[in-house]
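Residue numbers (the working numbering): -8 to 70. All C-beta atoms in this analysis are idealised placements derived from N, C-alpha and C, irrespective of residue type, glycine included.
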């Protein structure tokens, strides 16, 4: 199975990388961009064949390592 984890900063948390990207886009002539939030995507190849067990395992990975749950939120997709 494959899992995809999307990690983003929570609403209200300052995103300096996103702000730098927004500014750079403006200097390149893309003036219509009002805000940018930058995150990360993590793809995992799993040995599990049970979708529910795989999702639970990936969520545990997120809580322990893949996301800083104090300032980040995450979503998990299992395929």
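Taking C-beta to C-beta, are residue i and residue j nearer than 7 Å?
i, j, result
"residue 49", "residue 67", "yes"
"residue 4", "residue 69", "no"
"residue 44", "residue 37", "no"
"residue 57", "residue 33", "yes"
"residue 12", "residue 65", "no"
Pick helix, strand or coil for residue i, following the three-state DSSP scheme.
i, result
"residue 12", "helix"
Between the Cα of residue i and those of the options, spot the shortest distance and give me the residue it belongs to.
i, options, result
"residue 29", "18, 16, 47, 8", "8"
"residue 6", "51, 26, 59, -8", "26"
"residue 53", "31, 39, 41, 40", "31"
"residue -8", "40, 47, 64", "40"
Assign residue i to one of two classes, buried (16 or more other C-beta atoms within 10 Å of its C-beta) or exposed (fewer than that).
i, result
"residue -6", "buried"
| Complete runs of the alpha helix (DSSP H) confined to the region 14 to 57 [at least 4 residues] | As far as the region 14 to 57 is concerned, its whole alpha helix (DSSP H) runs of at least 4 residues are 42 to 52.
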